[in-house]
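Following: one structure in structure tokens, then a few remarks.
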Amino acid sequence: MTTLTDPPKASFRLSMLLYDTRYRSTTIQVIALMGFMLGAAWLINNVAVNLAAAGKPFTFGFLSDASGYDINQKLIEYNSQSSHLRAAVVGLLNTLLVAVMGCTLATFLGVFIGVLRLSSNWVISRLAAVYVEGFRNVPVLLWIVLIMAATSHSAPQPKDFRGDNPSATMKIFDSVAITNRGVYFPEPLFSNSLGDVAMFPDSSTEACEAYAAESDDDKVIKLAKSCGSFQISLDLIAIGSVFIACLMISKLVANRASQIQAQTGVRPTVWYLRLGIVAIPTIITLWILGFYLGYPELKGFNFKGGIYMRSSLLALWIALSLYTAAFIAEIVRAGIMAISKGQSEAAGALGIRPGRTMSLVVLPQAMRVIFPPLISQYLNLTKNSSLAIAVGYMDVTGTLGGITLNQTGREMETILLLMACYLIISLIVSTVMNAYNERTKLKER
Amino acid sequence: MKKSVFLGALTVASLTAGIAAAGTLDDVKARGKLNCGVSTGLVGFASPDANGKWEGYDVAICRAVAAAVIGDNTAVEFVPLSTKTRFTALASGEVDLLARNTTWTLSRDVDLKMEFVGINYYDGQGFMAPKALGVTSAKELDGATVCIQTGTTTELNLSDFFRANGISYEPVPIETNAEGQAQYLAGACDVYTTDASGLAATRAAFENPADHVILPEIVSKEPLGPLVRHGDNEWGDIVRWTLNALISAEEFGITSANIEELSKGTENPEINRILGTEGNMGEMLGLDADWAARAIASGGNFGEIFEANVGEKTPVGLARGLNALWTDGGLIYSPPFR
Ligand SMILES: N[C@@H](CCC(=O)N[C@@H](CS)C(=O)NCC(=O)O)C(=O)O
């Protein structure tokens, strides 16, 4: 039994929301949130009223209409009869293509330059510094336009390859043609091709009837290509799965070698075995499929055949990579400098060569510091790719946010969709990269 | 203080809600300046001269409207717009009038909520190629690389033309005519396509115009005309009748040389009605009596404007053709001033 009475419970009064420090911050936050929502509601209402006054209801119906325009670079089948939505997807794939290519090249270049900047050779480290400052301090748009202008004015025109005594010739055993419209590479082709499978075919369409007919007629084959939402090459799947299976077996061999090394201290030489395991079945698959290279050839106005990398893609890719590499180089440098000198000295004491010290001891640890800012560089590169329109590269800003917007006059809808596209790409990239970061970060015990 | 900010915000809200509706005439008069959307630079149609003064066939329309409404043909703010930005600029109220080689189409008129007030140039889409290429017809262009301005009827027609003829092409999208010209001259595309008038104007700016041919095919109808926002009929009427006044002036022989003379009154009632010495046409439009006289005096009648900017004596060198008056076998025709 207790004789102590509880202190009198302070009854809640309204004024406490403001004067009691326990509640005050919550009150302020609630008021701020309400203010924000009111502001947003006012904006949205204003837009709705204005659109209604202009007689333009807010709808996305236009997305299913035929687009009416052509796109030069398309990773999936597309023509002017396809819908605006499909044009947007074609643009989105082009955005992703240049983003992936750009991130890859920028990473290699950035790491390379970042390491060079720390070189003990004065000339090399100064050159790397000049590179970083030069690219970092000039807007990327200028680099894009400059590279585009340089290629379209300095490289030969397709017509220069014509005639008995042409002023330009193809490079590397007549396999690569460099023109001012882009570069043509040989393309892998298969004489015993397994064909493509149409995903989500709609058998009532003309294209899918042609697809089912499996005719040899060029016109029918061309038509059949637009059956389904997109088509997947069976050849690619076959080669890919053989290759991955072989890689996995080869990994088993490597694990076994590590086991033996752990037991006996001597690592058996297995690299030729591993190479054979991967190479031989892959080559056999290629041979069965009848692999050969299709070379570009000058026909009419342009080169035909081969893989055509347009100068717009080339300029955008190179400019974005060079520009972002300058930032990545700085991030890499900072990451390496964050690793204590003792680490490389210890590695040196164990007799590890400087190059291997960098790749085996310093860089893996530096990665933890490098990773988070690297993610934001990847996101920057992806968003900067929307400058594509400056060189006529048909990314999603060019198709959905450019031609579709213009031909349909749906500014609000297309811009909102466009923003959603970039938001989703960015969120996906950062989720994946954050997951990776989580896995590799230093586990504190 | 706080209260007035809030009230201010409210008025802005109600104002913005009404912006698309009406009142362009009052806005322009209050501002004392006409905001006119023109192209980013197309010799003969709209381009700034060496002193930065805008001139051209489309510019003349802007000046005539400014003269009619404000009484001063220099009270114009020219807003250069690309094919991509033009409709947004007009719809948002950034410009009051768009005179920019714009084709009158159903979807622009109906779906984009624009109002075309007339046609000042009957055009069609053509192709230009270097002579050295040896092409004589657009049907030979299978596989060619073609430069096109995006957001135009040009790119839609191009797609239709190649599809209808069963041939393929590689489009190179560009933003402005200047960029297209640069790409074409650098050989980044084999052919350049746009309205035939635009081709002539573009070619006129080349160093060696004779090295380039304009192919005989005209693949579309491109009626070009000035346009305003849908929904403000009073303003639309003013622009429409300013254009009609210029056309009627040519038909009835009113020129910049004799307009002062004729403004004193003539035997011809139609001329008198146009020039405001008879009837109350100006009042009906919400303007004063000599609105049309000022518009005509601004740059001359329709024919004079044509000859001075794009006619055969200019570097652009266009023949009147379809753009002659109906009395001379062309299509230019104005409804009566009555
Ligand atoms: N008439 C077409 C095409 C308009 C167009 O592209 N005009 C070009 C050449 S005729 C132009 O004005 N270019 C000047 C510029 O880019 O500002 C349309 O309305 O869509």
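Protein chains in written order, with the numbering used here: chain P, 62 to 506; chain Z, 12 to 349.
Backbone N, C-alpha and C fix where the C-beta goes; we use that ideal spot for every residue, glycine too.
query                                                                                                                                                                           : result
Check whether the Cβ atoms of Gly-67 (chain Z) and Ala-57 (chain Z) sit closer than 7 angstroms, and answer yes or no.                                                          : yes
Report the rounded CA-to-CA distance for Pro-347 (chain Z) versus Ser-259 (chain Z), giving the unit in angstroms.                                                              : 8 angstroms
If we ignore side chains and look at the alpha-carbon of each, how far apart do Phe-432 (chain P) and Gln-426 (chain P) end up?                                                 : 11 angstroms
DSSP state of Gln-513 (chain P), grouped into three classes?                                                                                                                    : The shown model of chain P, from 62 to 506, leaves out residue 513 (chain P), and the question about it has no answer.
If you follow the beta strand (DSSP E) that Asn-175 (chain P) is in, where does it begin and where does it stop?                                                                : Per the sequence shown, the amino acid found at residue 175 (chain P) is Gly instead of Asn. Taken as a continuous stretch (DSSP letters only), Gly-175 (chain P) belongs to no beta strand (DSSP E), being part of the alpha helix (DSSP H) at 145-178.
Which residue's Cα is closest to the Cα of Gly-314 (chain Z): Z:Thr-94, Z:Asn-255 and Z:Leu-286?                                                                                : Z:Asn-255
Determine the chain P residues that contact Leu-123 (chain Z) at a beta-carbon separation under 7 angstroms, and present them in chain order.                                   : Gly-470
Measure the C-alpha to C-alpha separation of Leu-461 (chain P) and Val-49 (chain Z) and round it to an integer number of angstroms.                                             : 25 angstroms
What does the alpha-carbon distance come out to for the pair Leu-255 (chain P) and Ser-302 (chain P)?                                                                           : 14 angstroms
Between Gly-361 (chain P) and ligand 2, is there a pair consisting of the residue's CB and a ligand heavy atom that are separated by less than 6 angstroms?                     : By its list of ligands, the structure shown excludes ligand 2, since it contains just ligand 1.
Less than 6 angstroms separating the Cβ of Glu-233 (chain Z) from some heavy atom of ligand 1?                                                                                  : yes
For Leu-53 (chain Z), is the beta carbon positioned less than 6 angstroms from some heavy atom of ligand 1?                                                                     : yes
Which one or two residues does DSSP pair with Phe-291 (chain P) in a beta bridge?                                                                                               : P:Met-260
Express the C-alpha separation of Ile-89 (chain P) and Leu-79 (chain P) in angstroms, rounding to a whole number.                                                               : 8 angstroms
Would you list the one or two residues that DSSP bridges to Leu-354 (chain P)?                                                                                                  : P:Pro-249
Taking 7 angstroms as the cut-off, decide whether the C-beta atoms of Leu-235 (chain Z) and Thr-114 (chain Z) are in contact.                                                   : yes
Helix, strand or coil: how does DSSP classify Ile-282 (chain Z) here?                                                                                                           : helix
Please tell me whether Gly-145 (chain Z) has its Cβ less than 7 angstroms away from any Cβ of chain P.                                                                          : no
Figure out for me which residue from P:Ala-306, P:Cys-164, P:Asp-235 and P:Glu-138 has the closest Cα to the Cα of Ala-387 (chain P).                                           : P:Cys-164
DSSP puts Asn-46 (chain Z) in a beta bridge; with which residues?                                                                                                               : Z:Glu-88
Closer than 8 angstroms by C-beta to Arg-284 (chain Z): which residues in its own chain qualify, once you throw out the five before and the five after it? Chain order, please. : Gly-290, Met-292, Phe-348 and Arg-349
His-214 (chain P) versus chain Z: which residues are under 8 angstroms apart at the beta carbon?                                                                                : Ala-197
Given a threshold of 16 other Cβ atoms within 10 Å of its Cβ, counted over all protein chains shown, does Trp-103 (chain P) qualify as buried or as exposed?                    : exposed
Is Pro-182 (chain Z) closer than 7 angstroms to Ile-159 (chain Z) when the C-beta atoms are compared?                                                                           : yes
Is the segment 116-135 of chain P close to the segment 435-452 of chain P, with three or more CB pairs under 8 angstroms?                                                       : no
As a quick exercise: from P:Leu-297, P:Pro-329, P:Ala-318 and P:Ile-379, pick the residue whose alpha carbon is nearest that of Phe-352 (chain P).                              : P:Leu-297
When burial is assigned at 16 or more other CB atoms within 10 Å of the CB, is Gly-195 (chain P) buried or exposed?                                                             : exposed
Starting from the beta carbon of Ser-170 (chain Z), find every residue of chain P whose beta carbon is closer than 7 angstroms, and list them in chain order.                   : Gly-129, Tyr-130, Asp-131 and Ser-141
What does the Cβ neighbour count give for Ile-305 (chain P), buried or exposed, with the cut at 16 atoms within 10 Å?                                                           : exposed
By the 8 angstroms beta-carbon criterion, what residues does the segment 220-244 of chain P contribute toward chain Z?                                                          : Lys-220, Asn-241 and Arg-242
At 7 angstroms on the CB atoms, spell out the chain A contacts of Asn-316 (chain P), in chain order.                                                                            : Of the protein chains in the structure, P and Z, none is chain A.
The beta strand (DSSP E) spanning Leu-235 (chain Z) covers which residue range?                                                                                                 : 233-235
Beta-carbon separation of Thr-253 (chain Z) and Ala-102 (chain Z) under 7 angstroms?                                                                                            : no
Within a Cβ cutoff of 8 angstroms, which residues of the same chain sit near Ala-299 (chain P), ignoring the five residues on either side of it in sequence?                    : Leu-255, Thr-346 and Leu-350
Is the CB of Ala-167 (chain P) under 7 angstroms away from at least one CB in chain Z?                                                                                          : no
For Ala-71 (chain Z) and Asn-320 (chain Z), which I take to be in contact (beta-carbon distance under 8 angstroms), what is that distance rounded to the nearest angstrom?      : 7 angstroms
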